[in-house]
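Residue numbers (the working numbering): 18 to 281.
Glycine included, every Cβ here is placed at the ideal spot set by N, Cα and C.
Small disclaimer: the values here were computed from a predicted structure and weren't measured.
Report on the following structure.
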Amino acid sequence: MKKGKVGHNDTFRPKKRFEPGTLRYSLHKHAQASLNSGINLRQVVQLPPGEELNDWMAVHVVDFFNRINLIYGTVSDYCTNESCPTMSGGPKFEYLWADGAKYKKPAALPAPQYVALLMDWVESQINNETVFPVSTDVPFPKTFVPLCRKILTRLFRVFVHVYIHHFDRIVAIGAVSSGDTAGAITRSFYWLISHDYYTSRAWFSRGKERPGMSCKEPHVNTCYKHVYYFVREFDLVSVKELEPLKEMTSHICHDYETLPSTSR
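See below:
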């Protein structure tokens with residue numbers, strides 16, 4: 018199995034536990050308590066009083082990377098150069114890849130190649146201690162928030178591609194029913210959560226565990242809403258990038274204002 022796909026030992030590492038009483042452990046417990054208390058997720062994603070935004074953002078970026086990487090893994094055998102010759106999110110959205118190295122100019126790539134390059138790139142950022150410091154004594158770089166915005170924007174594109182172009186596969190593996198699209202998408206998230214496939218990244222040695230969902234979380238659509246509310250709360254993904262799933266989101270996150278329309 019290629020690096021970057023679910024289940025590869027080089028990609029997903031054993032979950033790390035951290036000592037009670039540390040700042041990161043306290044932040045993790047705060048997030049868990051809020052999620053389990055039934056508080057509106059729009060409030061849950063807000064920066065806790067007294068906490069640093071960069072720390073809060075970093076733990077979520079790693080968590081969401083794990084989730085979206087996992088979701089893509091469920092359809093990766095069906096996302097081929099032949100079935101997906103371009104990385105797209107429906108007929109109106111085509112995504113180009115550029116990394117400033119091998120691909121200095123934006124290039125159209127087959128979806129599997131785009132995703133593989135993306136996951137490797139994100140992993141390299143997360144594992145780079147000058148970008149995601151392990152020690153709390155090492156400050157985050159000034160470019161950290163823009164980098165998080167770039168990471169989440171690109172990861173959201175994978176999410177869009179999977180659920181627009183490979184939804185039938187998600188249904189086929191039993192992750193969702195073939196009924197209402199919005200409900201089906203969120204049920205697939207809950208299925209992944211309930212089967213406990215999540216693992217933590219090496220970055221969590223910094224002292225925070227992921228603030229993700231418990232498998233006992235009763236709300237089927239909590240995972241999707243968690244991602245959406247977080248990126249909206251901190252303006253990390255543009256309206257233009259969110260548009261492909263606008264209709265679905267309006268059903269799931271109906272307590273949020275409707276996104277304005279954009280044109281490409």
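- In the structure shown, SER105 adopts extended strand secondary structure according to DSSP, grouped into three states.
- The beta carbon of LEU126 is closer than 7 Å to those of MET104, TRP114 in its chain, skipping five residues each way along the sequence.
- Looking at the DSSP output, GLU111 sits in a beta bridge with SER105.
- Under the three-state reduction of DSSP, ALA124 is assigned to strand.
- Looking from the CA of LEU172, the closest CA among SER100, MET265, TYR245 belongs to TYR245.
- VAL177 and LEU253 do not touch by the CB rule: their CB atoms are close to 15 Å apart, not below 8 Å.
- Proximity to SER267 across PHE251, LYS242, SER255, VAL248 peaks at LYS242, based on C-alpha coordinates.
- A direct Cα-to-Cα measurement between LEU164 and PHE149 gives close to 10 Å.
- The C-alpha of MET265 is placed about 16 Å away from the C-alpha of VAL248.
- Cα atoms of LEU70 and GLU99: separation of roughly 42 Å, rounded to the nearest angstrom.
- Counting along the chain, LYS167 sits inside the alpha helix (DSSP H) bounded by residues 161-182.
- Minimum Cα-Cα distance from PRO65 among the listed residues VAL151, LEU169, CYS96, GLU250 corresponds to GLU250.
- Counting the other Cβ atoms within 10 Å of the Cβ of VAL92 gives 16 or more, which makes it buried.
- GLN60 carries a helical assignment under DSSP once its states are collapsed to helix, strand and coil.
- If the five residues before and after ASP154 are omitted, its C-beta is found closer than 8 Å to no C-beta atom of its own chain.
- By the CB criterion at 9 Å, GLU146 and PHE82 fall outside the cutoff.
- Of the candidates THR97, TYR180, GLU258, the residue whose Cα lies closest to the Cα of GLN130 is THR97.
- The shortest CA-to-CA distance from ILE88 to any of VAL179, ALA133, ASN57, SER255 is the one to VAL179.
- Within the same chain, and ignoring the five residues on either side of TYR112 in sequence, the residues whose Cβ sits closer than 6 Å to its Cβ are MET104, ARG174.
- In the three-state reduction of the DSSP assignment, VAL151 falls in the coil class, being assigned neither a helical nor a strand state.
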